[in-house]
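S.K.: If you count by the working numbering, then the sequence shown holds residues 29 to 446, one letter each, in order.
Please read through the structure below; I'll follow up with questions.
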Amino acid sequence: MGRNLLLEGVNAAYSDAVDRLGLDDNIRVLLDNPEREIMVTVPVAMDDGTLKTFRGYRVQHSSVRGPYKGGIRFDVNVDLEEVRALAALMTWKCAVADIPYGGAKGGVACDPTGMSKRELEALTKQYARMMEPVIGPQIDIPAPDVNTNDQVMSWIVDARLHTGALWARASVTGKPISLGGSLGRREATGRGVASVALQILRKAGMDPANCTAAVQGFGKVGSWTAQYLHEAGVKVVAISDISGGLFGKDGIDISGAREYVSRSPSGLLEGYDVSGLQRITNEQLLALDVDVLIPAAMEGQLTEANANGVRARMVVEAANGPTTFEADRILNERGIPVVPDILANAGGVVVSYFEWMQNLHGAQWSFDDVMTKLESKMTKACNDVWTVSKEEGCSMRAAAYMLAVNRVAQAAAYRFSL
Ligand code: GLU
């Protein structure tokens, strides 16, 4: 396995927080390694009659603060180290958001774009069956992540129906509304990113109504982020996905772009042709002169190689781990604040928590109720991180990790009499 920059970055940030907090070695003994790592080989009968196997993972990093929580991704680049890093991120994210969960992540190394719906269903259900003993409302609650959605979550519910109809639903979040999903879960991550971006801009003395933004990634997270920023008066001048990007100095009609993507068979911006917009590459988007740069695609986008080219006034991490450790150092040195993933994109798991609560209580909250509760969670988390960062004179990432590690350490101290 090559160097995993994501894992190195997450470990470095956690380790830095342990040092800053002056915690003793017991906490490292407890948290340096994930509690449980499971690797499975998932057999799938393919449409052409052959049997193929796929490597699947679930890493349960910490259950100190509650049941494990975190998404499942389907992607060619999934491997144990990536999932390990993403699982740890979930522990810290849930602690920053102050929801009663630990952290986990799952993944299957596959190319979902090259698979039929039937093959994906078979893969998902077989993966769910093989993970059966370690999943459940009181153990570990998966959710969507890269290339997985409410359909994939429904297949998991179906594979777990024998545990009881209500119990099966409460064992995953991000479900469709008709199968026990929560109103607002679809929008939650992007809504949370926009809320955090607006709050931090204001704290930094900038008026969102005079700000411009560039959003990399126009999927489940980026498209809603762009939408909500646009609605709040931010001029979104650039968007992109794997097919490339679009730039318009007077702002992009986000609703129009979302409408186009929802109707296009590829689900991509490819072919979206509106006058006044010019095509750019993802690399160009990352180097635009904007107030807020929002990487909302994959990890490792801002690196040692391009961090010096960033001209944004602020970076808000909507993806998990979009900034490598080195890039983070460069941006800090250059005085460009980075709002870390474990704060910025916590809205998704916060509404997952609301979904799980509704399932366990047989309740259905209104959209407005969910949004109000989400806003209050995100505001509290923003204020907490901002305060620590001012008090300690450290970056928002260092502050968020200090808050998170400290919350986990406090629970651990009680549980293990440390
Ligand atoms: N996959 C999302 C994340 O990285 C959501 C996880 C969840 O809702 O459990 O935060």
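We put the CB at the ideal spot given by N, CA and C, even for glycine.
No experiment lies behind these values; they were computed from the predicted model shown.
#1: Compare the beta carbon distance of Ala-45 and Val-377 with 9 Å and say whether it is the shorter of the two.
#2: Considering only C-alpha positions, which residue in the set Gly-209, Asp-278, Leu-49 is nearest to Ala-266?
#3: Secondary structure at Gly-37, three-state DSSP: helix, strand or coil?
#4: Can you check which of these residues, Asn-54, Leu-296, Arg-83, is closest to Met-67 by C-alpha distance?
#5: List the whole-angstrom C-beta distance separating Pro-170 from Arg-112, where the pair is believed to meet the contact cut-off of C-beta under 8 Å.
#6: Spell out the partners DSSP gives Arg-64 in its beta bridges.
#7: Tell me the rounded alpha-carbon separation between Asp-186 and Ala-196.
#8: From which residue to which residue does the alpha helix (DSSP H) around Val-436 run?
#9: Just to check, is the beta-carbon of Ser-380 closer than 8 Å to a non-hydrogen atom of ligand 1?
#10: Give the secondary structure of Val-23 by DSSP, where H, G and I count as helix, E and B as strand, and everything else as coil.
#11: Between the beta-carbon of Val-221 and the beta-carbon of Ile-163, is there less than 9 Å?
#12: Return helix, strand or coil for Arg-307, following the three-state DSSP convention.
#13: Using the three-state DSSP reduction, which class does Ser-268 fall into: helix, strand or coil?
#14: Taking C-beta to C-beta, are Tyr-429 and Ala-41 nearer than 9 Å?
#15: Where does Gln-179 fall in DSSP's three states?
#16: Between the Cα of Arg-31 and the Cα atoms of Gly-328, Gly-98, Ala-427, which residue gives the shortest distance?
#17: Apart from the five residues on each side of it in sequence, which residues of its chain come closer than 6 Å, Cβ to Cβ, to Thr-217?
#18: List the endpoints of the continuous beta strand (DSSP E) containing Arg-101.
#19: Does DSSP put Met-234 in a helix, a strand or coil?
#20: Thinking Ser-423 and Val-338 are a contact (beta carbons under 8 Å), I'd like their distance in whole angstroms, please.
#21: Expressed to the nearest angstrom, what Euclidean distance is found between the alpha-carbon atoms of Ser-445 and Phe-382?
#22: Could you tell me the boundaries of the alpha helix (DSSP H) in which Thr-407 lies?
#23: Is Gln-244 buried or exposed, if buried means 16 or more other CB atoms sit within 10 Å of its CB?
#24: At least one CB of chain C closer than 9 Å to the CB of Gly-99: is that the case?
#25: Please report how far the alpha carbon of Ala-335 lies from the alpha carbon of Pro-161, in whole angstroms.
#26: For a test of the three-state rule: what should DSSP assign to Val-221, helix, strand or coil?
#27: Looking at the secondary structure, which residues open and close the beta strand (DSSP E) in which Gln-244 lies?
#28: May I ask which residues mark the beginning and end of the beta strand (DSSP E) holding Gly-131?
#29: At what residues does the alpha helix (DSSP H) containing Ile-280 begin and finish?
#30: Return the residue from the list Leu-321, Met-385, Ile-184 that minimises the CA-CA distance to Gln-154.
#31: Enumerate in chain order the residues of its own chain whose CB-to-CB distance from Val-87 is below 7 Å, with the five nearest sequence positions on each side excluded.
#32: Could you name the residues that DSSP lists as bridge partners for Ala-372?
#33: The alpha helix (DSSP H) with Ala-150 in it runs from where to where?
#34: Along the chain, where does the beta strand (DSSP E) that runs through Ile-169 open and close?
#35: Can you list, in chain order, the residues of its chain whose CB lies under 8 Å from that of Asp-369, leaving out five sequence neighbours each side?
#36: In this structure, how does DSSP classify Arg-83 when only helix, strand and coil are distinguished?
M.R.: Quick answer:
#1: no
#2: Asp-278
#3: helix
#4: Arg-83
#5: Pro-170 to Arg-112, Cβ: 16 Å. No contact.
#6: Gln-88
#7: 8 Å
#8: 424-443
#9: yes
#10: Look at the range of the chain in this structure, 29 to 446, and you will see that residue 23 is not part of it.
#11: no
#12: strand
#13: strand
#14: yes
#15: helix
#16: Gly-328
#17: Val-249, Asn-373, Gly-375, Gly-376
#18: 96-102
#19: coil
#20: So it is not a contact: roughly 15 Å between Cβ atoms.
#21: 31 Å
#22: 395-420
#23: buried
#24: The structure shown has no chain C; it contains just one protein chain.
#25: 43 Å
#26: helix
#27: 240-244
#28: 131-136
#29: Per DSSP, Ile-280 belongs to no alpha helix (DSSP H) and is neither H nor E.
#30: Ile-184
#31: Pro-62, Glu-65, Val-111, Arg-112, Ala-115, Ala-132, Lys-133
#32: Partner(s): none; Ala-372 has no beta bridge.
#33: 145-158
#34: 168-172
#35: Leu-117, Lys-121, Glu-345, Ala-346, Ala-347, Asn-348, Gly-349, Pro-350
#36: strand
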